[in-house]
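Structure first, then comments.
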Amino acid sequence: MPMANVINQNYEQQLEWHAINWRVVTAMINNLRQRIYRASATGDLKKVRNLQKLMMKSRANHLLAIRKVTQVNRGKHTAGVDNQVINDHKGREHLYKLLSQTTSEKVYPVKRVYIAKKNGKKRPLGIPTILDRCRQAIVKSALEPYWEAKFEPVSYGFRPGRSAHDAIQKIFCIARARGTRHWVLDADIKGAFDNIDHNFLIKKIGGFPERNMIKQWLQAGVLEHGNYIPNVAGTPQGGIISPLLANIALHGMETLLGIQYWKNGTPKQGQPYAVVRYADDFVVFGKSREECETAKIKLQIWLAQRGLALSEEKTSIKHLKEGFDFLGFNIRHYDNRHRKRGYILLTKPSKESMKRYKQQMRMTWKGIIGMPTQEGIRQLNAKIIGWCNYYRID
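Mapping of the sequence shown onto the working numbering: position 383 corresponds to residue 870, and the numbering continues sequentially without gaps.
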């Protein structure tokens, strides 16, 4: 079947999943995303809304959402409260027809599951049904490019084409600069995903065509051990759209702190602060402890408007000579009288990261006892290569 027919056919027609050309589908969606981005960047809101509606109705978007949820994403084998997973093409073709129904269909509560955190504690996740995950992926494709044109350049978490390494690189550039911003507000938001105010978030989303659907997802509640728990705040970790919603809620930090840019995107000289944010983790660089204290007070008020607060136990103000940890790295100035600046900047794995890695290797080593040698080596190499790939600095 020609690709144009696969994309443009009616939902009632038989879909042949194996005949879909994913390069064409992806190219179509990328093109539409770019159009939304450009319209947002130029401030043409009417065009943005029209293109977002087009994206929501796009059959190519529906196909790509199904593929991501049922074939690509790591959670493809994890069921929601309906205990349904899709493992074959027939199920995907049926799902494609279900998505033709109105988006005001019933939204299910999320299923509560727990995963282990690096510190040994457990993080609660809220897993939507496969159908809701597909709908979230569809909505995300329409909402994300609009906000990508608005987001601050120092925001790196859960954004296309950006990574933790980009955030560390930015921190390195700030800490290495000849300026005097050598004081750091190392901030931690207490339960960011669990406490975002729904009303604030919906208001910030504005006139997005599927605003009500997002509101339903936020308020769908949680099902844990057969008990329904209403969700009065937060966006459940585990939803496809949750990281984007968190970024939307936390957008505006640079504006709050008076950081300005020229039209070409370069920051103006003499800025009082510099910020680097990765999702709900962020640091603020200032010229003195007093400036960082002022920034902290401003941020506490700003976060309270979003239903959030800084963790007093985990938030601190330090000089770069003390160093600080961020995303598993330690960034610190070390005295060096042979350098003109009197110090050398080092970025290396943090002590806590090294400790966790050694513990993981011990557990892996114990687990491979009795295994065939080749399998044991494979498992050890996977851990070693994964750790080295994350912490290598090119």
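Ideal placement from N, C-alpha and C gives every residue a C-beta, glycine not left out.
These numbers were taken from a predicted model, which means no experiment stands behind them.
Check                                                                                                                                                : Outcome
Give me the Cβ distance between F680 and L832, rounded to the nearest whole Å; I'm assuming they're in contact under 8 Å.                            : The Cβ separation is near 32 Å, so there is no contact.
Which residue's Cα is closest to the Cα of T667: P759, G693 and I625?                                                                                : P759
When you compare only the Cα positions, how much space is there between L450 and T513?                                                               : What the structure shows of the chain is the stretch from 488 to 881, and residue 450 is not part of that stretch, so it cannot be assessed.
Can you say whether D767 is buried or exposed, counting buried as having 16 or more other CB atoms within 10 angstroms of its CB?                    : buried
Please classify D673: does DSSP put it in a helix, a strand, or coil?                                                                                : strand
Between the beta-carbon of R793 and the beta-carbon of I683, is there less than 8 Å?                                                                 : yes
Over the uninterrupted alpha helix (DSSP H) stretch that includes F687, give me the two end residues.                                                : H685 to I692
Look at the alpha carbon of W435 and the alpha carbon of I523, and state the distance between them as a whole number of angstroms.                   : This structure leaves residue 435 out entirely; the chain is present only between 488 and 881.
Note down the Cα distance separating L744 from T802, rounded to an integer number of angstroms.                                                      : 18 Å
Using the Cα positions of A603 and W749, report the straight-line distance between them to the nearest angstrom.                                     : 44 Å
Which residue marks the beginning of the beta strand (DSSP E) containing K750, and which one marks its end?                                          : Run containing K750: none; DSSP gives neither H nor E here.
Tell me, which residues are paired with L833 by DSSP?                                                                                                : R819
Please tell me whether K702 and I689 are closer than 8 Å, where the distance is taken between their beta carbons.                                    : yes
State buried or exposed for I880, treating a residue as buried only when at least 16 other CB atoms are found within 10 Å of its CB.                 : exposed
With the cut-off set at 8 Å, would you say L790 and I676 are in Cβ contact?                                                                          : yes
Please identify the residue among K593, V771 and E639 whose C-alpha is closest to the C-alpha of T753.                                               : E639
Is DSSP giving N911 helix, strand or coil here?                                                                                                      : Nothing about residue 911 can be read from this structure; the chain reaches only from 488 to 881.
Counting only the same chain and skipping the five closest in sequence on each side, list residues whose C-beta sits under 6 Å from that of E432.    : It is not possible to answer for residue 432, since the shown part of the chain is limited to 488 through 881.
One question on the structure: do L807 and H820 come within less than 8 Å of each other, judged by their Cβ atoms?                                   : yes
So, G485 versus V600, is the Cβ gap smaller than 8 Å?                                                                                                : Because the chain spans 488 through 881 in this model, residue 485 falls outside it and cannot be assessed.
Three-state secondary structure (DSSP) at G613?                                                                                                      : strand
Does the distance from the CB of W504 to the CB of E580 come in under 8 Å?                                                                           : yes
Between the Cα of V556 and those of S545, G725 and F687, spot the shortest distance and give me the residue it belongs to.                           : G725
Is Q758 helix, strand or coil when you go by DSSP?                                                                                                   : coil
When the Cα atoms are used, what is the spatial distance from M542 to C875?                                                                          : 39 Å
Grab me the residues of L747's own chain with a C-beta within less than 8 Å of its C-beta, minus the 5 sequence neighbours each way, in chain order. : For the sequence presented, residue 747 should be read as Gln rather than Leu. Counting only Cβ-Cβ distances below 8 Å, and skipping sequence neighbours, we find P754, K755 and Q758.
Quick check on the burial criterion: 16 or more other C-beta atoms within 10 angstroms. Buried or exposed for M850?                                  : exposed
Looking at the unbroken alpha helix (DSSP H) that takes in Y583, where does it start and where does it end?                                          : H576 to L585
If the criterion is Cβ atoms closer than 8 Å, does the pair T722 and L710 meet it?                                                                   : no
Taking the continuous beta strand (DSSP E) assigned at Y601, which residues delimit it?                                                              : V597 to A603
Considering only residues of the same chain and omitting the five flanking positions on each side of K563, which have a CB-CB separation below 7 Å?  : V556 and T557
On the three-state DSSP scale, how would you describe H549?                                                                                          : helix
What is the DSSP secondary structure of L744, counted as helix, strand or coil?                                                                      : coil
Would you kindly report the start and end of the unbroken beta strand (DSSP E) that includes D681?                                                   : Unbroken run through D681 is the alpha helix (DSSP H), A679 to N682; no beta strand (DSSP E).
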